[in-house]
Amino acid sequence: MVCGCGNTFQTRSTKPGGRIVVEVCSQCHPFYTGKQKILKVGADKAVSTGK
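Mind the numbering: the sequence shown is residues 0 to 50 in numbering that gives the first Met the number 0, read in order.
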């Protein structure tokens, strides 16, 4: 498998040909890297801005 960040790793896949491309992996996903950002959306955002 090849990630968008350039990291490569092996899995046991049934896909012939062998190359699978993924967008994120444990090396670049914010949950695993500790670089999470909390986003305020919807009602929470309206309440915090006073609207």
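Note that CB positions come from ideal geometry on N, CA and C, so glycine has one too.
Inter-residue spacing [alpha-carbon to alpha-carbon] between His28 and Lys34: 8 Å
Pairwise C-alpha distance: Pro15 and Cys4: 23 Å
Alpha-carbon to alpha-carbon, Ser12 and Met0: 9 Å
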